[in-house]
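Everything below concerns the one structure shown next.
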Amino acid sequence: MSGHTTNLRLKLPLICVFLQLLTILLFAVFVCYDNQTNAKLWHEELKLHNKSHLDNEFYLRYPSFQDVHTMIFVGFGFLMTFLKRYSFSSVAFNFLIAAFAIQWSILTQGFFHSFHHGKIYIGIESMINADFCTGAILISFGAVLGKTSPIQLLLMTWLEVILFAVNEHILLDILGAKDAGGSMTIHTFGAYFGLMMSRVLYRPHLDKSKEREGSTYHSDLFAMIGTIFLWLFWPSFNSAIAAHGDDQQRTVMNTYFSLAASTLATFATSALVNAGGKMDMVHIQNAALAGGVVVGTSGEMMLTPFGAMIAGVLAGFVSTLGFKFLTPILASKLKIQDTCGVHNLHGMPGILGALLGVLVAALATHDTYGEGMTDVFPLVADGRRTAAYQSVCQLIGLCVTLGIAVIGGSLVGFILKMTCLGSPPDTQCFEDQIYWEV
Amino acid sequence: MSGHTTNLRLKLPLICVFLQLLTILLFAVFVCYDNQTNAKLWHEELKLHNKSHLDNEFYLRYPSFQDVHTMIFVGFGFLMTFLKRYSFSSVAFNFLIAAFAIQWSILTQGFFHSFHHGKIYIGIESMINADFCTGAILISFGAVLGKTSPIQLLLMTWLEVILFAVNEHILLDILGAKDAGGSMTIHTFGAYFGLMMSRVLYRPHLDKSKEREGSTYHSDLFAMIGTIFLWLFWPSFNSAIAAHGDDQQRTVMNTYFSLAASTLATFATSALVNAGGKMDMVHIQNAALAGGVVVGTSGEMMLTPFGAMIAGVLAGFVSTLGFKFLTPILASKLKIQDTCGVHNLHGMPGILGALLGVLVAALATHDTYGEGMTDVFPLVADGRRTAAYQSVCQLIGLCVTLGIAVIGGSLVGFILKMTCLGSPPDTQCFEDQIYWEV
Amino acid sequence: MSGHTTNLRLKLPLICVFLQLLTILLFAVFVCYDNQTNAKLWHEELKLHNKSHLDNEFYLRYPSFQDVHTMIFVGFGFLMTFLKRYSFSSVAFNFLIAAFAIQWSILTQGFFHSFHHGKIYIGIESMINADFCTGAILISFGAVLGKTSPIQLLLMTWLEVILFAVNEHILLDILGAKDAGGSMTIHTFGAYFGLMMSRVLYRPHLDKSKEREGSTYHSDLFAMIGTIFLWLFWPSFNSAIAAHGDDQQRTVMNTYFSLAASTLATFATSALVNAGGKMDMVHIQNAALAGGVVVGTSGEMMLTPFGAMIAGVLAGFVSTLGFKFLTPILASKLKIQDTCGVHNLHGMPGILGALLGVLVAALATHDTYGEGMTDVFPLVADGRRTAAYQSVCQLIGLCVTLGIAVIGGSLVGFILKMTCLGSPPDTQCFEDQIYWEV
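Chains as they are written, first to last, in this note's numbering: chain A, 18 to 455; chain B, 18 to 455; chain C, 18 to 455.
The structure is reproduced here in structure tokens:
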């Protein structure tokens, strides 16, 4: 990689303008308000179906949406500010690519989910799904944080959003797998996509930027803002598009307990693996969140509160061990430099969460779910498949996700290797000054 | 301006006690719970009109209110902490004047909007409107940040809240203009009011405090907390008092898209106007929010998603250019020292937003809005005016706002020139130490 | 106290694992989803009682819950980061003990409130109540901040949660006292419990850590994040478990006004008591919140807006004076070292709030409350007691709370004196380095 020029004066405006104009053009041609958002259509619905404004999905979903939105922009954004000289880039590039991803994924998800008579009809659920997709993009961002230019990141976003929608379509629409909180579609996909990109973009001389790849006292505190907001609102994340009523409430409770349990497991493990019995803020900032990831698939199921806690303990434990022992090995042996440790927070707990979904789906009985089976496992409820078959489909979903993430991440990694994309030289990684007036 | 004494030991307690006691007295005489907040009246309503608790406006508006509340106290408060030695004052004076403004504006708005039989009846919408008015005050605060004492700021708040209510009354009640998200009433009004105050309070020797009028690495990160929360919750801001159902949901979506698009435009423009192709945190902190301002009037209308994006791009672009080129000219040629650049974030995008409202109102047809016309343009719906006339009224509303803001801001500026109000000397601007135990 | 070893390598994992496994075991045996969270039961209820999903308590309580949750983890967590070298411990130990407390209090409160046929049935209200109990624990934590190990804190949490549930049961279920926002059960209880612990754990040589018991410029700003979020969401806190409809809305409004008024009183008093007329961030960070505490009991009653303001002014005034004059006396004369000044923010305003509840209950008439009396004072509404008797019960409730807090706090203090619990030596208080990789 020679000839690094990190001057973005023309390139960044060009790619931003290109992507934004393309988006506007496609929106102009394809995107319409749905019948809950359109003035005429909603008032027709009020009249024809004798509805009240309270039936507008806005009142059932908007608080959840706002929590998810906070996680994406505050949670992810600040979590990554831990680097001592890369906090501007962390929070601002997170902002930039998320702002693009939410627009672009409305289109890609819309083509798969709500394309009727040549138009994409959008409403509050489209916004939640767009934020979800953005979550996966930001997980991938975490793996390459500090080593990529905003141009590379926008390009990554452009392509990954498309592959995310393809994978999600296969899982949810074709396989009929359930994944309301995205253990597979968001966490596993985003993590392994990012890890493969990082593998392809491997920098053998990254140690030249070693002294900047750490935190300071206050940068660790800024990161805790991200951690706490992610932790707080994760119950909203997992439940945001769950079915109404019991499903949303149950998902919230399961996630709440799983997170609490994973927090205790993280503190315990962090002290245990340190020679001096001290704790490490990196573990607290990250592994305590693994409890949210691990119930992403099964949170809406009849997991039981104590089941959620066991899952959380396991996730916090595995995640902390990953930070301590696995991340160094990934870098030295597998040449995967994982800046934020997304393998520990999203990769392994994502797979665990998918497998937990496989298990809990297999255990589903009509006796436990009653009429509620229709919401959780509709295909089992109407007799089109057995719980065991549903379970197999969940497992296939995990494999498909891993496959698409690994292949997609590799391909995108190769595309990002183009030298003209403004990536920093090995001596200037994790450094705000190359992109910012500091 | 001679004889600056910034010792507040008696003056600040005196003005706080005076304003708070006056408020309590007026509340005691005039303010009552409305029929949704009063125990007796709500239970009568439940019975007489066969309502359920879900019909209580609380459940339809409270989540929006809390988001707006977060914007006012966290958003504005932290956005202004960017100054390296003035962060305490920024967040704390924001806190002080907002705490007073929400109380005072309940009274002033109440006299115009909900004064019946000698009493002001208040509920959740009054709180939202009070927070809205407070937004305008804090915008004006941004223009004079670092150059005014808390006593001046409280005096400003006292008077500006009254003028805000007058202007709002003329626009909404007399002209029948629509402005749910306040492009005119909040942003344009607050910005030009503040700019005129700053003009009157012009300090030719402000360069004596030059070295403190910048940021540090971490103060810029604190400011980003403000930015991101403002950006996140702006959809709630614009929709908080929109009509129920489709109107709220549509406003949220339009604002969401406008903000996302203005973010890309801001990054692009920021890199473009910098000789080294680097980006500037000041632009990201501010101009990325212009997308929220620009759809303040038209967000509830059938703007279409791609229309919202075009507006956002325009606003981000104009705002960033303003920071780069216009702010220095305002200071040197027009003698307007605009500390936070409110002209770029609220002034120009506010006017743009008002004009966009003029345009979108003119284009309103019954075919597009159907029965929903009643909510968006009630006077057009019931045939009392045409869309074209509505559009003209919107334009008159903008002119009235500019007029009242410019005259009011000048008058208040002259009042604040009194030397006894504890304002800092030119050598001590942007300095916490004069007001705080540091 | 000799032989301080602060190495937590085995002890912390041991206590975390013990407490978490115990919790999981008890959950497995006793805890079930309630009929709004269980798939089968909720769908039966939909059918049998002709309900709609909107009747699910989730939609009426979840936004309030999320605000409360934010206060517990962001509000309390960041408020305590003001110490210059103890910010990691403040936010992280807050996180740890809160994560345990929410689980443990589901059990202890469940045994008293929702134990039927050998099972505890839980839903969204259980989660809110668990967060409330956690608030009390974190108040106690504030009194001993910087002087206790995480092991001591977990032990404290384990025991205090039990006593909290006992006290709450006596007040609400036996005495029939009202305390929706917890002036007594949460603030008074948590404060005096913590103060007594601090008394028992008195450190005569704490001045050896004097130089770390202060703040830096940026640590004070981090603390303001906590302050502002607590202030913002306090209306949600006080109203989260109030009765539906007018009660929730009224509680929100009363709290909003009380907080605003206490903010002005705090600024005024802070400037007044400082020789140079400067303000002190410690007062702003804390005393401005006293307005929320003081209407914890009476917020749901027909307090009237101006009544709420008077309460707020009083609370802000008393609280600021406490920080200035009382805290040093407590430390020197009564040997109570109150790190965060919880006596000023929670203790005195909590008692004031309880007494305000005594007063407002005594004034309750059927003429004022109408049918709404059933929600606010059910025992008065159905004629089982008079308003005067209700008022007496409120007063008894305060005395019981003080008694249990003082005795309980002392006992727990003695237990925490065991030398094997990893508490820091006097020379190492308020120091992150003994517990953290810094």
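For each residue, glycine too, the CB sits at the ideal point set by N, CA and C. Predicted model only: the values in this text are computed from it and were never measured.
Quiz item: In terms of residue numbering, what span does the beta strand (DSSP E) encompassing residue 136(B) cover?
Solution: 136-139
Quiz item: Does the Cβ of residue 177(A) have 16 or more other Cβ atoms within 10 Å, making it buried, or fewer, making it exposed?
Solution: buried
Exercise. Might you give, ordered along the chain, the residues of its own chain that have their beta carbon closer than 6 Å to the beta carbon of residue 181(C), omitting 5 neighbours on each side?
Key: 150, 153
Exercise. Give, in chain order, every unbroken run of the beta strand (DSSP E) that is at least 3 residues long and sits entirely within the region 81-158 of chain C.
Key: 136-139
Self-check item: Nearest-angstrom Cβ-Cβ length linking residue 225(B) and residue 374(B), presumed shorter than 8 Å
Solution: Actually they are not in contact, since the Cβ atoms of residue 225(B) and residue 374(B) sit about 43 Å apart, beyond 8 Å.
Quiz item: Given a limit of 8 Å on CB to CB distance, which residues of the region 53-76 of chain A reach chain B?
Solution: 53, 54, 55, 56, 57, 58, 59, 60, 61, 63, 64, 70, 71, 73, 74, 75, 76
Exercise. Below 7 Å between beta carbons is the criterion; list the residues of the region 178-211 of chain B that meet it against any residue of chain C, in chain order.
Key: none
Quiz item: residue 332(C) CB to nearest chain B CB: under 7 Å?
Solution: no
Quiz item: residue 362(A) to residue 287(C), Cα distance in whole Å?
Solution: 45 Å
Quiz item: Quick one: what's got a C-beta closer than 8 Å to residue 281(C)'s C-beta in the same chain, skipping five residues either side?
Solution: 330, 333
Self-check item: Nearest neighbour of residue 207(A), chosen from 139(A), 251(A), 310(A), 120(A) [CA to CA]
Solution: 310(A)
Quiz item: Counting contacts by CB-CB distance shorter than 7 Å, is residue 97(B) in contact with chain A?
Solution: no
Quiz item: residue 291(B) touches chain A at which residues, Cβ-Cβ below 8 Å?
Solution: 26, 454
Quiz item: Looking at the unbroken alpha helix (DSSP H) that takes in residue 375(A), where does it start and where does it end?
Solution: 365-379
Quiz item: What three-state label does DSSP hand residue 20(B) in the structure shown?
Solution: Residue placement at residue 20(B) is flagged as unreliable, the pLDDT there being 49, under the threshold of 50; a coordinate-derived value is accordingly withheld.
Quiz item: Can a CB atom of chain C be found closer than 7 Å to the CB of residue 154(B)?
Solution: no
Quiz item: With distances taken from CA atoms, which of 74(B), 124(B), 164(B), 250(B) is nearest residue 136(B)?
Solution: 124(B)
Practice problem: Just list the beta strand (DSSP E) runs in the region 424-454 of chain C, keeping only unbroken ones of 3 residues or longer that don't cross its boundaries, in chain order. | Solution: none
Practice problem: Can you give me the start and stop residues for the beta strand (DSSP E) that residue 48(C) sits inside? | Solution: 48-50
Quiz item: Can you name the start and end residues of the alpha helix (DSSP H) that residue 168(A) belongs to?
Solution: 167-185
Quiz item: Nearest chain C C-beta to residue 128(B) closer than 7 Å, yes or no?
Solution: no
Practice problem: Express the C-alpha separation of residue 40(C) and residue 121(C) in angstroms, rounding to a whole number. | Solution: 7 Å
Exercise. Consult DSSP for residue 34(A) and reduce its assignment to one of helix, strand or coil.
Key: helix
Practice problem: Report the residue ranges of all alpha helix (DSSP H) runs contained in full by the region 193-263 of chain B; include only those spanning at least 4 residues, in chain order. | Solution: 206-217, 234-256
Quiz prompt | Entirely enclosed alpha helix (DSSP H) segments - the region 318-372 of chain A, minimum 4 residues | solution = 322-338, 344-349
Self-check item: chain C contact residues for residue 85(B), given Cβ-Cβ distances below 7 Å
Solution: Chain C residues near residue 85(B): none, gap ~10 Å exceeds 7 Å.
Quiz item: Expressed to the nearest angstrom, what Euclidean distance is found between the alpha-carbon atoms of residue 19(B) and residue 436(B)?
Solution: Note on residue 19(B): pLDDT 41, under 50, position unreliable in the model; the coordinate value appears next. For residue 19(B) and residue 436(B), the distance between alpha carbons rounds to 7 Å.
Quiz item: For residue 296(C), which residues does DSSP report across the bridge?
Solution: 453(B)
Exercise. Just the C-alpha distance for residue 27(C) and residue 337(A), rounded to the nearest angstrom, thanks.
Key: 16 Å
Quiz item: Using a Cβ-Cβ cut-off of 6 Å (strictly less than) and excluding sequence neighbours within five positions of residue 328(C), which residues of its own chain qualify?
Solution: 275, 311, 312, 373
Quiz item: In whole angstroms, what separates the C-alpha of residue 423(B) from that of residue 187(B)?
Solution: 16 Å
Quiz item: Whose C-alpha, out of 30(C), 49(C), 103(C), 346(C), is nearest the C-alpha of residue 445(C)?
Solution: 103(C)
Quiz item: Helix, strand or coil for residue 312(A) per DSSP?
Solution: coil
Quiz item: Three or more beta-carbon pairs under 8 Å between the region 425-434 of chain C and the region 210-223 of chain C, yes or no?
Solution: yes
Practice problem: Kindly indicate the opening and closing residues of the alpha helix (DSSP H) around residue 56(B). | Solution: 56-65
Quiz item: What's the call for residue 3(A), buried or exposed, on a 16-neighbour Cβ count within 10 Å?
Solution: Absent from the model: residue 3(A). The displayed extent of chain A is 18 to 455, so no value can be given.
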